[in-house]
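Those letters in the sequence shown? Residues 2 to 542, per our numbering, in order. Below: one structure, written as structure tokens.
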Amino acid sequence: MVVGNRSAPLRIRMHEHDNVAIVANDGGLPAGTVFPDGLALVDTVPQGHKVALVDLPASAPVRRYNVVIGRTTRNLPAGSWVHERVLEMPEARSLDGLPVCTVAAPVMAPLPGYTFEGYRNADGSVGTRNILAITQTVQCVAGVVEFAVRRIKADLLPRYPNVDDVVALEHGYGCGVAIDAPDAVVPIRTLRNITLNPNFGNEVMVVSLGCEKLQPERLLPPGSLAVVDARRTIAADSRVAEAGNAGDRAGLDVVCLQDAGHVGFMSMIDTIVERARSHLERLDARRRETVPASALVVGVQCGGSDTFSGVTANPAVGFCADLLVRAGATVMFSEVTEVRDGIDQLTARAASPEIAEAMIREMAWYDTYLDRGRVDRSANTTPGNKQGGLSNIVEKAMGSIVKSGSAPIGGVLSPGERLRDRGIERGLVYAATPASDFICGTLQLAAGMNLHVFTTGRGTPYGLAEVPVIKVATRTELARRWHDLMDVNAGRIADGEATVEEVGWEMFRLMLEVASGRRKTWAEHWKLHNALVLFNPAPVT
Ligand code: CA
Numbered sequence: 002m003v004v005g006n007r008s009a010p011l012r013i014r015m016h017e018h019d020n021v022a023i024v025a026n027d028g029g030l031p032a033g034t035v036f037p038d039g040l041a042l043v044d045t046v047p048q049g050h051k052v053a054l055v056d057l058p059a060s061a062p063v064r065r066y067n068v069v070i071g072r073t074t075r076n077l078p079a080g081s082w083v084h085e086r087v088l089e090m091p092e093a094r095s096l097d098g099l100p101v102c103t104v105a106a107p108v109m110a111p112l113p114g115y116t117f118e119g120y121r122n123a124d125g126s127v128g129t130r131n132i133l134a135i136t137q138t139v140q141c142v143a144g145v146v147e148f149a150v151r152r153i154k155a156d157l158l159p160r161y162p163n164v165d166d167v168v169a170l171e172h173g174y175g176c177g178v179a180i181d182a183p184d185a186v187v188p189i190r191t192l193r194n195i196t197l198n199p200n201f202g203n204e205v206m207v208v209s210l211g212c213e214k215l216q217p218e219r220l221l222p223p224g225s226l227a228v229v230d231a232r233r234t235i236a237a238d239s240r241v242a243e244a245g246n247a248g249d250r251a252g253l254d255v256v257c258l259q260d261a262g263h264v265g266f267m268s269m270i271d272t273i274v275e276r277a278r279s280h281l282e283r284l285d286a287r288r289r290e291t292v293p294a295s296a297l298v299v300g301v302q303c304g305g306s307d308t309f310s311g312v313t314a315n316p317a318v319g320f321c322a323d324l325l326v327r328a329g330a331t332v333m334f335s336e337v338t339e340v341r342d343g344i345d346q347l348t349a350r351a352a353s354p355e356i357a358e359a360m361i362r363e364m365a366w367y368d369t370y371l372d373r374g375r376v377d378r379s380a381n382t383t384p385g386n387k388q389g390g391l392s393n394i395v396e397k398a399m400g401s402i403v404k405s406g407s408a409p410i411g412g413v414l415s416p417g418e419r420l421r422d423r424g425i426e427r428g429l430v431y432a433a434t435p436a437s438d439f440i441c442g443t444l445q446l447a448a449g450m451n452l453h454v455f456t457t458g459r460g461t462p463y464g465l466a467e468v469p470v471i472k473v474a475t476r477t478e479l480a481r482r483w484h485d486l487m488d489v490n491a492g493r494i495a496d497g498e499a500t501v502e503e504v505g506w507e508m509f510r511l512m513l514e515v516a517s518g519r520r521k522t523w524a525e526h527w528k529l530h531n532a533l534v535l536f537n538p539a540p541v542t
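Here's what the structure looks like:
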């Protein structure tokens, strides 16, 4: 990698076999610029865009990350701007004959002694925040719950200083959907598993309309969580003494808006506020305890990517992912369309043939899903990605996949599945999700994420109400302009002011501070919260 003085012309090559490099200078470089080694720019090349390092005849393979990201559509002399319009994208790698477990697991020394202050839950998980979440079975109740949450925050929350927040788990599902379609399992288990996220302290409170397809017992059936079941048993016993308790649905705490007992809007609000009280009391009695860093469950993803994502922020996240794995924590990476073109790298890194097979199964499922909509993985890239220098999804995927670091892939989750249900308690995991920022974040929440890392090059103010989101800028220029939105500036790597390793360690330490509640992320500071978006591959009615 070439780095150095910011005023000199700078280019960054990712691999010695690459025949293109990207221009690193803010504002790009004009035609005629001569690099120290004598390469002269034929065209003006914007920042982050590719320059041909050698003469590329028509149909020549263009290599970046030592991977063919496309073939030239015409003759391009050395020094030319290599952009999307002169590149033909290769076909997606076949899912047959992939290398399986061919990469020897790297030696990764354990990293003991790192801790944070977290909330231990009865089910063994650990929260980084102490939040009352109110689950909704259906979108119909969203306005009422929002009204009630405003009331709870104003009237009750100040009396429970150890509770961080009250969050309505609003979503668009629950009715008007083909709920018995095979793929309906995805949104339903996603919503169930989000309810059980470690940051909600195993408190489960549900608001239902009454007539919806997704009935509370279907969302949270007996057996869905031991702690909830224990409360069900207690409630079932007390039901004998307290017959007629409207909220007692086999021990699940449900407020049903259509219950005959509700006369007028305010009676619904009063019931929800009143029912929140006992949950808040239990949450408020909890205290942070010192727990090992292995209790972290970190979800990583990127959004609004540019060419620097795969040069600065994502490699630093990958280095940090290795640190987390060495500390015994769990790290999830996701975004099917952004790893599809690197599937051979991932199956090669699988810890077992079964894991490689599971990964191939997820890719094949998604290929079919996209095919049904008559598109392929190339539908992923945005105008901003291309403006930022990413010519196509192959190039974007190579930059995205480095977030996974170098550890063996020790587990695979289907969309909406929970790590604990699959017996996964540590290591690097591939959680299959769409790359859509909101859907990926929602599915990682369902998996059990208690900390989120999000890298961005173009810039997005992304945040979630449910977990802290640490945002990493890929370029110094973005980090400067969005100084009160970006938590880490990985652009210093391209500036030659920090190494990938240094930024990776900075992230690791910041994660422990944020997880402990000692530091707030900018998204938390400003309360920037994106909506939960359930992935529903099944039909609506
Ligand atoms: Ca994303």
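Beta carbons: idealized from backbone N, C-alpha and C, even for Gly.
Item                                                                                                   : Value
Any non-hydrogen atom of ligand 1 closer than 7 Å to Gln302 Cβ                                         : yes
Delimiting residues of the beta strand (DSSP E) encompassing Glu1                                      : Coverage of the chain is limited to positions 2 through 542, which leaves residue 1 absent and any answer about it impossible.
Under the three-state DSSP convention, the category Val241 falls into                                  : Note that Val241 has pLDDT 45, beneath the 50 cutoff, so the model's placement of it is unreliable and no number is given.
Contact between the region 133 to 150 and the region 254 to 270 (3+ Cβ pairs under 8 Å)                : yes
Identity of the residues DSSP links to Phe1 by a beta bridge                                           : In this structure the chain extends from 2 to 542, so residue 1 is not present and cannot be described.
Glu336 beta carbon near ligand 1 (any heavy atom closer than 7 Å)                                      : yes
Residue range of the unbroken alpha helix (DSSP H) whose run includes Asp438                           : 438 to 448
Residue(s) in a DSSP beta bridge with Glu118                                                           : Thr291
Near ligand 1: Asp342 beta-carbon under 7 Å from a heavy atom                                          : no
Ala359 versus Leu96, Leu40, Leu42, Ala436, residue with shortest Cα-Cα distance                        : Leu96
As assigned by DSSP and simplified to three states, the class of Arg65                                 : strand
Proximity winner among Val68, Gly71, Lys472, Gly400, relative to Phe509 (alpha-carbon distances)       : Lys472
Which of helix, strand or coil DSSP assigns to Ala89                                                   : For the sequence presented, residue 89 should be read as Glu rather than Ala. Note: Glu89 maps to strand in three-state DSSP.
For Gly202 and Arg287, believed in contact at Cβ under 8 Å, the rounded distance                       : 6 Å
N- and C-terminal bounds of the beta strand (DSSP E) containing Val298                                 : 298 to 303
Cβ distance (whole Å) where Thr191 is taken to contact Ala134 below 8 Å                                : Contact flag wrong, Cβ pair sits at about 14 Å.
Residue burial classification, Val541 (beta-carbon count within 10 angstroms, cutoff 16)               : exposed
Beta bridge counterpart(s) of Gly128 as assigned by DSSP                                               : Tyr120
From Ser405, Gly252, Ile344, residue whose alpha carbon lies closest to that of Leu325                 : Ser405
For Gly497, the first and last residue of its enclosing alpha helix (DSSP H)                           : Counting along the chain, Gly497 falls outside any alpha helix (DSSP H), and DSSP gives it neither H nor E.
Inter-stretch contact at 8 Å, needing at least 3 Cβ pairs: the region 59 to 74 / the region 387 to 401 : yes
Closer than 7 Å: Ala436 CB and nearest ligand 1 heavy atom                                             : yes
Contact the region 299 to 306 vs the region 442 to 459: 3+ CB pairs below 8 Å                          : yes
Best match in Val21, Leu40, Glu17 for proximity to Pro10 [C-alpha to C-alpha]                          : Leu40
Pairwise C-alpha distance: Val104 and Arg14                                                            : 24 Å
Three-state class that DSSP yields for His453 in the structure shown                                   : strand
Rounded separation between Thr331 and Leu533 - CA only                                                 : 22 Å
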